[in-house]
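Colleague:
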Amino acid sequence: MKIKKRILSIALAGTMALGLMPGMTMTALADGDTSTYSLTIPSTLTVANSGWNATNGISASGTLEDGKKLTVIASSNGEYALVSGENKVNYKLAESGNANTTYANATEKTAWEFTSLSDSATTQTMGIVVEDYSGKPAGTYTDTVTFTASVVNAGPVLAGITENVAKLRFTYLSSLFTWDYTAVFEKNNGTFENTSVSAGGTNTQTNYSLTLDNSNVTIIVKPNSSNTGTFTFSTNNNNYSVSPDGYTLKKIEIDTGNGYVDITNAFTKTS
Numbered sequence: 009m010k011i012k013k014r015i016l017s018i019a020l021a022g023t024m025a026l027g028l029m030p031g032m033t034m035t036a037l038a039d040g041d042t043s044t045y046s047l048t049i050p051s052t053l054t055v056a057n058s059g060w061n062a063t064n065g066i067s068a069s070g071t072l073e074d075g076k077k078l079t080v081i082a083s084s085n086g087e088y089a090l091v092s093g094e095n096k097v098n099y100k101l102a103e104s105g106n107a108n109t110t111y112a113n114a115t116e117k118t119a120w121e122f123t124s125l126s127d128s129a130t131t132q133t134m135g136i137v138v139e140d141y142s143g144k145p146a147g148t149y150t151d152t153v154t155f156t157a158s159v160v161n162a163g164p165v166l167a168g169i170t171e172n173v174a175k176l177r178f179t180y181l182s183s184l185f186t187w188d189y190t191a192v193f194e195k196n197n198g199t200f201e202n203t204s205v206s207a208g209g210t211n212t213q214t215n216y217s218l219t220l221d222n223s224n225v226t227i228i229v230k231p232n233s234s235n236t237g238t239f240t241f242s243t244n245n246n247n248y249s250v251s252p253d254g255y256t257l258k259k260i261e262i263d264t265g266n267g268y269v270d271i272t273n274a275f276t277k278t279s
């Protein structure tokens, strides 16, 4: 896994400019397999107006072991808002856009996949869609975006969980509180028992549950006695869903006997 941060800024006075830090190329040997890749993150761009602003995209080259893919996940320190004091300019990362693209109608994209690599770079498009900032006060608005690159299984990562996984560690955030919860489930006679839960690093009750059926891994969390959340992970693909609103997946890790492996980036939220 490789992590690289980018600082985005926009100066609201005269010419509008939004920039990323200088372009970065990194070459990495993926942990645990023979995949190697070189990844290039966007360099700089100028914001001529609100709406769609193209970048040079995200490029990758190299080799992937059979059954593997390269994922790149973006996350924002400022919840995808450029901030200057108490003022904000919202933006989205997006795959495509044109002169008619606005912040309101743009489709956000924060994850990219490369299922095959070669010596020649493969480029996937990425742009930044900025809301109308004409009414914002002058100042320099900034945000930091972190790009995390990982080589993961191309197939369903939780397929064969009963046979192959000894422990599952799960971290989530509830809108009811400001701290993360982490629960550990350990396999015992083919089922997974909740052996520990911590809230903000402090141990708390262990009344969570993990159930399995032919298609799903379902985790029910209880941040307090009157609220529950349900996370459902498919074992047939790498999709997951969350209910109700207000619960956010932070990390899911599995231990197959050699320590925990972070598989969060393999999943796509469907609802």
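To get the working numbering, take the position in the sequence shown, counting from 1, and add 8.
Even for Gly, the Cβ is constructed at its ideal location relative to N, Cα and C.
Just so it is clear, the structure is predicted and the values come from calculations on it, not from any experiment.
Measuring CB atoms only, is the region 241-252 touching the region 199-206, in the sense that at least three cross pairs come out at less than 8 Å?
Modeller: They do not touch, by the three-pair rule.
Colleague: Go ahead and label alanine 114 buried or exposed: buried means 16 or more other beta carbons lie within 10 angstroms of its beta carbon, across all protein chains shown.
Modeller: Alanine 114 counts as buried, since at least 16 other C-beta atoms from the protein chains shown sit within 10 angstroms of its C-beta.
Colleague: Which partner residues does isoleucine 262 have in the DSSP bridge list?
Modeller: Leu176, Val269
Colleague: Using DSSP's beta-bridge definition, name the partner residues of lysine 277.
Modeller: Tyr248
Colleague: Taking DSSP as the reference, what is the three-state secondary structure of threonine 110?
Modeller: coil
Colleague: Considering only residues of the same chain and omitting the five flanking positions on each side of valine 269, which have a CB-CB separation below 7 Å?
Modeller: Glu261, Ile262
Colleague: Please name the residue in Val225, Asn98, Ser217, Ser84 whose C-alpha comes closest to that of serine 137.
Modeller: Looking at the sequence itself, residue 137 is valine, so the reference to serine does not match. Taking only the C-alpha atoms, the option nearest valine 137 is Asn98.
Colleague: Which residue wins for smallest C-alpha separation from glycine 135, given the options Thr154, Ala157, Asp151, Leu101?
Modeller: Out of Thr154, Ala157, Asp151, Leu101, Leu101 has the C-alpha closest to the C-alpha of glycine 135.
Colleague: Specify the secondary structure class of threonine 33 as computed by DSSP and reduced to three states.
Modeller: Because the pLDDT of threonine 33 is 45, which lies under 50, any placement of that residue in the model is unreliable, and the question is left without a value.
Colleague: Between which two residues does the beta strand (DSSP E) carrying leucine 47 extend?
Modeller: 44-49
Colleague: Leucine 47 and alanine 68 look like a contact to me (Cβ under 8 Å); what is the Cβ gap, rounded to whole Å?
Modeller: 5 Å
Colleague: For threonine 170, which three-state DSSP category applies?
Modeller: Note: threonine 170 maps to helix in three-state DSSP.
Colleague: Could you name the residues of the same chain whose beta carbon sits closer than 8 Å to that of glycine 254, not counting the 5 residues immediately before and after it, in chain order?
Modeller: Ser182, Ser183, Leu184, Gly237
Colleague: Could you check which residue in Asn106, Asn245, Arg177, Leu125 has the C-alpha nearest to that of leucine 78?
Modeller: Leu125
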